[in-house]
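What follows is a short report on a single structure.
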Amino acid sequence: MRRKKGTWHWVERSSGKFLRRVRLVEDVKMDVVEASMENGLLASDDGTTEFDDGISCIIYDELMYFSESVANHLKLPSIVLRTISAATYISRVAILQLKAEGYIPFPDTMSQVRVPKLDSLLRFKDLPISKFGTPDNFLQLIAHACDIKSSSAVIWNTMDCLEESLLVKQQKKQFPIPIFTIGPMHKFAPASSCSLLKEDNNCITWLDKQSHNSVLYIRWGSVASIDEIELAEMARGLANSKQPFLWVIRPGSISGSVWIELLPKGFIETIGEIGVPMICRPCFGDQRVTARYESHVWGIGFQLENKLESHEIERAVKRLKVHDEGKEMRLRAKDMKEKVEACFKKGGSSYNSLSELEEFTSHW
Numbered sequence: 001m002r003r004k005k006g007t008w009h010w011v012e013r014s015s016g017k018f019l020r021r022v023r024l025v026e027d028v029k030m031d032v033v034e035a036s037m038e039n040g041l042l043a044s045d046d047g048t049t050e051f052d053d054g055i056s057c058i059i060y061d062e063l064m065y066f067s068e069s070v071a072n073h074l075k076l077p078s079i080v081l082r083t084i085s086a087a088t089y090i091s092r093v094a095i096l097q098l099k100a101e102g103y104i105p106f107p108d109t110m111s112q113v114r115v116p117k118l119d120s121l122l123r124f125k126d127l128p129i130s131k132f133g134t135p136d137n138f139l140q141l142i143a144h145a146c147d148i149k150s151s152s153a154v155i156w157n158t159m160d161c162l163e164e165s166l167l168v169k170q171q172k173k174q175f176p177i178p179i180f181t182i183g184p185m186h187k188f189a190p191a192s193s194c195s196l197l198k199e200d201n202n203c204i205t206w207l208d209k210q211s212h213n214s215v216l217y218i219r220w221g222s223v224a225s226i227d228e229i230e231l232a233e234m235a236r237g238l239a240n241s242k243q244p245f246l247w248v249i250r251p252g253s254i255s256g257s258v259w260i261e262l263l264p265k266g267f268i269e270t271i272g273e274i275g276v277p278m279i280c281r282p283c284f285g286d287q288r289v290t291a292r293y294e295s296h297v298w299g300i301g302f303q304l305e306n307k308l309e310s311h312e313i314e315r316a317v318k319r320l321k322v323h324d325e326g327k328e329m330r331l332r333a334k335d336m337k338e339k340v341e342a343c344f345k346k347g348g349s350s351y352n353s354l355s356e357l358e359e360f361t362s363h364w
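In the UniProt record's numbering, the protein residues as written are 1 to 364.
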């Protein structure tokens, strides 16, 4: 283990010799055991001629692409699980093509330019590229994730009502295998909390006192962070909008500080019963693609593309909560919600797709 910038990292040798111990089953025949390393997979053979552990197939996340090698070694069928949207997948494929054609990395002057071969919707700045650029290992990971290899099917966490046309195009281009769209997947699983943080329910009492559909909810996600200046600007903009809001500030999301100390003077006193502090903004990866589709395809939102400043925040809040444009967006969002709910109910596209997946795997 090696400590780097306050974090411990596991370090493997890049050259030379090292020893790795693996525990085998008790009754293994040591004289027939063989082992090999291929594509990062350590495979061992204990001489057993049959494998019957009640496992009919392996379903693996696309980023865990090496799991396919495990399935092949065990002579089991495999299925790829894509948790990203079809739009993001297409964007990742485009990144590989653009890199090969010399478009990536692209200069700032091209950030607003539409990406070729993507229906002129996404701009270069909308591509799901890491904020650290496009290093070779990132591109290699995308290439592995996009390659279905010998997998028997693809499970996609999306819905026909959102991306049916994109899915049809992709199946014609690249997938000679079934695609099962069973999103939103969390609707098919029992509710549970996987948060490492203790849930704070103190806001519920305040929320119950507010008018229906009147509160603006703001959060900053589970990974992203902002700096002290952005926090102060957002706080001023929210207070000046005079709209009720619930603002989530995750511990550690404000770079290097205790957030309560950074709020503008008089902020808590000014908002009073208007809102409870919380925060969020899309800033990297597939969030960029989703934001573009929300604003330019589904019409259920708009992007804050400029620098976070109080007057921009105030104007955006009023645009959504007060102006006619915001009312139209809320109607479209309500309509989309109803379509999504219909997808996972009996007879809906996701419900039927899940049933077809069960039937597909029952023959193994």
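Virtual Cβ for every residue (Gly too), placed ideally from N, Cα, C.
Starting from residue i and walking both ways along the alpha helix (DSSP H), at which residues does that stretch end?
{"i": "aspartate 335", "result": "324-343"}
{"i": "tryptophan 206", "result": "203-208"}
{"i": "phenylalanine 138", "result": "136-146"}
{"i": "alanine 291", "result": "286-296"}
{"i": "valine 113", "result": "Per DSSP, valine 113 belongs to no alpha helix (DSSP H) and is neither H nor E."}
{"i": "glutamine 97", "result": "86-100"}
{"i": "glutamate 199", "result": "It is not in any alpha helix (DSSP H) - glutamate 199 carries neither H nor E in the DSSP assignment."}
Enumerate in chain order the residues of its own chain whose CB-to-CB distance from residue i is below 8 Å, with the five nearest sequence positions on each side excluded.
{"i": "leucine 167", "result": "Ala86, Trp156, Thr158, Asp160, Ile179 and Thr181"}
{"i": "valine 289", "result": "Ser85, Ala87, Thr88, Ser91, Leu122, Asp126, Leu127 and Pro128"}
{"i": "threonine 134", "result": "Ile95, Lys99, Ile104 and Pro105"}
{"i": "serine 150", "result": "Glu68, Asn72 and Ser78"}
Rounded to whole angstroms, what's the CA-CA distance from residue i to residue j? Just pull it up for me.
{"i": "leucine 331", "j": "valine 215", "result": "16 Å"}
{"i": "glutamate 294", "j": "glutamate 34", "result": "53 Å"}
{"i": "leucine 207", "j": "glutamine 112", "result": "40 Å"}
{"i": "alanine 291", "j": "serine 69", "result": "35 Å"}
{"i": "lysine 99", "j": "asparagine 201", "result": "47 Å"}
{"i": "leucine 81", "j": "serine 241", "result": "42 Å"}
{"i": "valine 276", "j": "tryptophan 247", "result": "Residue confidence for valine 276 is low, a pLDDT of 36 falling below 50, so the modelled location carries little weight and cannot support an answer."}
{"i": "serine 310", "j": "glutamate 233", "result": "5 Å"}
{"i": "leucine 231", "j": "histidine 144", "result": "38 Å"}
{"i": "glutamine 170", "j": "serine 211", "result": "44 Å"}
{"i": "lysine 321", "j": "methionine 336", "result": "18 Å"}
{"i": "aspartate 221", "j": "leucine 304", "result": "Residue identity check: residue 221 is glycine in the sequence provided, not aspartate. Approximately 16 Å between the Cα atoms of the pair."}
{"i": "phenylalanine 66", "j": "glycine 252", "result": "33 Å"}
{"i": "isoleucine 274", "j": "lysine 209", "result": "With a pLDDT of 47 at isoleucine 274, under the threshold of 50, the modelled position of this residue cannot be trusted, and the question is left open."}
{"i": "glutamate 359", "j": "lysine 187", "result": "20 Å"}
{"i": "glycine 326", "j": "glutamine 243", "result": "14 Å"}
{"i": "valine 223", "j": "aspartate 31", "result": "49 Å"}
{"i": "asparagine 213", "j": "aspartate 324", "result": "15 Å"}
{"i": "proline 116", "j": "glutamate 101", "result": "11 Å"}
{"i": "serine 355", "j": "isoleucine 142", "result": "30 Å"}
With a CB to CB cut of under 7 Å and the five nearest residues on each side skipped, what residues in its chain are close to residue i?
{"i": "methionine 110", "result": "Phe124"}
{"i": "threonine 361", "result": "Ser56 and Cys57"}
{"i": "alanine 333", "result": "Ile300"}
{"i": "lysine 345", "result": "Tyr351"}
{"i": "tryptophan 364", "result": "Ser56, Cys57 and Pro77"}
{"i": "lysine 339", "result": "Cys161"}
For residue i, report the span of its beta strand (DSSP E) as first-last.
{"i": "arginine 82", "result": "78-82"}
{"i": "alanine 153", "result": "153-156"}
Excluding sequence positions up to five away, which residues of its chain have a Cβ less than 6 Å from the Cβ of residue i?
{"i": "glutamate 164", "result": "none"}
{"i": "serine 353", "result": "Phe180, Thr181 and Ile182"}
{"i": "leucine 357", "result": "Phe180"}
{"i": "aspartate 286", "result": "Ile84, Thr88 and Pro128"}
{"i": "leucine 63", "result": "Ala145"}
{"i": "asparagine 306", "result": "Glu312"}
Using three-state DSSP, classify residue i as helix, strand or coil.
{"i": "glutamate 356", "result": "helix"}
{"i": "isoleucine 59", "result": "strand"}
{"i": "serine 130", "result": "strand"}
{"i": "residue 365", "result": "Residue 365 lies beyond the stretch modelled for the chain, which goes from 1 to 364, so this question has no answer here."}
{"i": "phenylalanine 245", "result": "strand"}
{"i": "isoleucine 218", "result": "strand"}
{"i": "serine 165", "result": "helix"}
{"i": "alanine 35", "result": "strand"}
{"i": "isoleucine 313", "result": "helix"}
{"i": "arginine 23", "result": "coil"}
{"i": "isoleucine 229", "result": "helix"}
{"i": "arginine 123", "result": "strand"}
Between the stretch 232-239 and the stretch 308-323, are three or more C-beta pairs nearer than 8 Å? Yes, the stretch 232-239 is in contact with the stretch 308-323.
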